[in-house]
Amino acid sequence: RFSRELVERILQVPIEQLREAALKNNSSLLSAAEELFGLKAEKGEKVV
Numbered sequence: 004r005f006s007r008e009l010v011e012r013i014l015q016v017p018i019e020q021l022r023e024a025a026l027k028n029n030s031s032l033l034s035a036a037e038e039l040f041g042l043k044a045e046k047g048e049k050v051v
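First residue of the sequence shown: 4, per this note's numbering; consecutive thereafter.
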């Protein structure tokens with residue numbers, strides 16, 4: 004089993020990239036993430 008620390012390290016870069024995409028309104032990356040995780044973000048929703 005993966006430790007929580009290892010999983011957090013593996014996911015750190017993709018999470019940072021998604022945050023940057025949200026701040027820059029990069030809709031192509033956000034759309035890919037929504038599709039990947041089955042999410043639909045509301046327009047104007049802030050990512051923290």
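Even for Gly, the Cβ is constructed at its ideal location relative to N, Cα and C.
All values reported here derive from a predicted model rather than from experimental measurement.
- The Cβ atoms of residue 32 and residue 15 lie no closer than 8 Å to each other.
- DSSP places residue 33 within a helical segment (H, G or I) once states are collapsed to three.
- Shown here for residue 13: not one same chain residue has a beta carbon closer than 6 Å to its own, the five before and five after excluded.
- When the five nearest sequence neighbours on each side are left out, no beta carbon in the same chain lies closer than 7 Å to the beta carbon of residue 27.
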